[in-house]
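First the structure, in the form of structure tokens, and then the observations on it.
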Amino acid sequence: MEFTINKQELLNNLVKVGKYSARSTNLPILCGIYLKATANELLLVASNKEDTIVSTISEIQNFNIVQEGEVVVPKTITDIVKKLPNDTVSFTLDNNNSLHISSGKTKYSLNTLSANDYPDFTTKTLKFLVSISLKKLQRSVEATYYCAAENHSKPQLKGIEISITNKEIAFAATDANTLSRSTIPITTDSNTEEKLLYSCIVPSRWLYDAIKMFEEEEIELGFEGNSAILRSKDLHIKTQIIEGKYPDVVKFMEFEKTVKTTISTDRLQLINSLEQVNVICSMNNPKSAALLNLDLNSKEFSLSNNNKSLGDVIVKNPIEIDGETIPISIGFSIDYMLRHLKSMQGDVVKIGFIAEQSPLIFRNMDSEDFKLMLPIRIG
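For the sequence shown, counting from 1, position 165 maps to 165 in the working numbering; every step adds exactly one.
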């Protein structure tokens, strides 16, 4: 194998794939980066068994394949390339599997591993494939991933459920205390009966990190076997699907039909008010719950801390009210509500109340996103 390549282009791709190489594993070869030079492109692959990334370099300046070949190199190659002096780097693999790297007056030699021992990373026949706007995908993922559980006995709750129908792609996440669902429309034909085409659970952190790797306006989301794939022309990122059954999100959305009172208020002002109350709530260990008291006669609600042992705070916000005019007092987690509000867009947030021990429903005017939060029982 022998080729020359633009240093910065190679470095960008090494940094990208290096994030997916294994740190420690029973397969030492996965701690390295797989390189394959063909007639007109260079393939870079890294994997940690669960996740795999394949990046392709082609059609760039200062790129010339002299001899095809493949090899697995230590991921320290990234640090080596970063320190090289010139804009062009040359690579030569000899018969003893030593990779010689040169740039200007600097030369390195690295011991390598045989590419024949690297696990198969090729994509087989896809069960399902859909093209999707990267911008819309990023927005839907950011609107949901934070609700996935970080630590939970049920692995399914650590993921995001992706449900694809003939009308929309829906993303949903829940940690059993909060829930968020965001959709991307596929068609606006309201006369067509909606049918589920594909559904699975993918690791939430993988999806959140993977979409940041892409720059194209449109990418593809696909599924093969027990894997989910995001891909563009030059980049493929794959992960293992989480097995199991996800909670019935549509069932939770039925709560909205029982909402008795809806308040509308300025979203950013509410965030600011919650952060003021959070200062006092955080003084307690564990953090104190917050209280929301709704006085329908004055058309405002007050936010305060529940545990008064170390101090007290009350912040009032103006509201518009729709529905029944009954007083409400609800205990809740400030962290949960802040995460919901910060993931939303638009100036106005609508909060639906059912009863003091029932879920709170969050909506805004700028999207169809559905958000739910369980209250905290105050003794």
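Quick reminder that beta carbons are idealized off the backbone N, C-alpha and C, glycines included. Since this is a predicted model, take the numbers as computed values, not measurements.
Count the other CB atoms within 10 Å of the CB of residue i; is the residue buried (16 or more) or exposed (fewer)?
| i | result |
| --- | --- |
| Met365 | exposed |
| Ser329 | exposed |
| Leu157 | buried |
| Lys371 | buried |
| Ile280 | buried |
| Asp369 | buried |
| Ala39 | exposed |
| Asp340 | Before going on, a small fix: residue 340 reads as His here, not Asp. Counting Cβ neighbours within 10 Å, His340 comes out buried, since at least 16 surround it. |
| Gly159 | buried |
| Asp51 | buried |
| Glu161 | buried |
Give the secondary structure of residue i by DSSP, where H, G and I count as helix, E and B as strand, and everything else as coil.
| i | result |
| --- | --- |
| Pro375 | coil |
| Arg23 | coil |
| Ile184 | strand |
| His100 | strand |
| Ser304 | strand |
| Gln269 | helix |
| Tyr34 | strand |
| Gln156 | helix |
| Ala210 | helix |
| Phe255 | helix |
| Glu431 | Given a span of 1 to 379 for the chain in the structure shown, any question on residue 431 remains unanswerable. |
| Pro28 | helix |
| Ala115 | helix |
| Ser309 | coil |
| Thr445 | It is not possible to answer for residue 445, since the shown part of the chain is limited to 1 through 379. |
| Glu368 | coil |
| Ser140 | helix |
| Glu9 | helix |
| Glu168 | strand |
| Ile77 | helix |
| Glu150 | coil |
Would you mind working out which of the options sits nearest residue i, comparing C-alpha positions?
| i | options | result |
| --- | --- | --- |
| Pro318 | Ser133, Ile237, Leu268 | Leu268 |
| Asn97 | Asn116, Gly159, Arg363 | Asn116 |
| Leu214 | Ile33, Thr123, Ile132 | It is Phe, not Leu, that sits at residue 214 in the sequence shown. Nearest of Ile33, Thr123, Ile132 to Phe214, Cα basis: Ile132. |
| Arg377 | Thr56, Ala290, Ile29, Ser55 | Ala290 |
| Asn64 | Glu70, Val89, Val72 | Val89 |
| Leu386 | Ser24, Met1, Glu50, Phe301 | Outside the displayed range of the chain (1 to 379) lies residue 386, so it cannot be described from this structure. |
| Ile314 | Leu292, Ser333, Asn297 | Leu292 |
| Lys308 | Met283, Arg363, Phe332, Glu324 | Met283 |
| Val249 | Leu99, Leu84, Thr144, Leu113 | Thr144 |
| Leu113 | Leu35, Phe91, Ser343, Asn48 | Leu35 |
| Ser109 | Cys31, Thr122, Asp94, Ile361 | Asp94 |
| Tyr336 | Val71, Tyr118, Arg231, Asn177 | Asn177 |
| Glu70 | Phe3, Lys16, Glu324 | Phe3 |
| Asn151 | Ser358, Arg205, Cys31, Asn306 | Arg205 |
| Ile201 | Asn191, Ser190, Lys154, Glu218 | Lys154 |
| Thr125 | Gly222, Glu254, Asn272, Lys136 | Gly222 |
| Ile211 | Ala148, Ser140, Thr192 | Ser140 |
| Lys136 | Ser102, Phe171, Asp120, Tyr146 | Phe171 |
| Asn278 | Phe301, Lys299, Ile334 | Ile334 |
| Leu294 | Asp322, Asp312, Thr106 | Asp322 |
Which residues does DSSP pair with residue i in a beta bridge?
| i | result |
| --- | --- |
| Ile417 | The question about residue 417 has no answer, for the chain in this structure spans 1 to 379. |
| Pro318 | Glu300 |
| Leu43 | Lys36, Thr56 |
| His340 | Note: His340 sits in no beta bridge, so no partner. |
| Thr4 | Asn64, Ser90 |
| Gln240 | Ser227 |
| Arg363 | Lys350 |
| Gly331 | Leu291, Ile376 |
| Glu232 | Checking the sequence, you will find Ser at residue 232 rather than Glu. Partner(s): none; Ser232 has no beta bridge. |
| Thr106 | Ser103 |
| Thr261 | Gly323, Phe353 |
| Pro247 | Pro247 is not bridged to any residue. |
Would you say the beta carbon of residue i comes nearer than 7 angstroms to a heavy atom of the ligand PLP?
| i | result |
| --- | --- |
| Asn111 | As far as ligands go, the structure on display features none, and thus does not contain the ligand PLP. |
| said: I want to know whether the segment 174-192 touches the segment 222-229 - three or more CB-CB distances under 8 angstroms. | reply: no
| message | Could you check whether the segment 257-268 touches the segment 344-363, counting it as contact only if at least three pairs of C-beta atoms, one from each stretch, sit closer than 8 angstroms? | response | yes
| message | With three or more beta-carbon pairs closer than 8 angstroms as the criterion, would you say the segment 236-245 touches the segment 60-73? | response | no
| For the segment 189-199 against the segment 163-173, are there 3 or more C-beta pairs whose distance is under 8 angstroms? | yes
| With contact counted as at least three CB pairs below 8 angstroms, one residue from each stretch, are the segment 67-78 and the segment 230-239 in contact? | no
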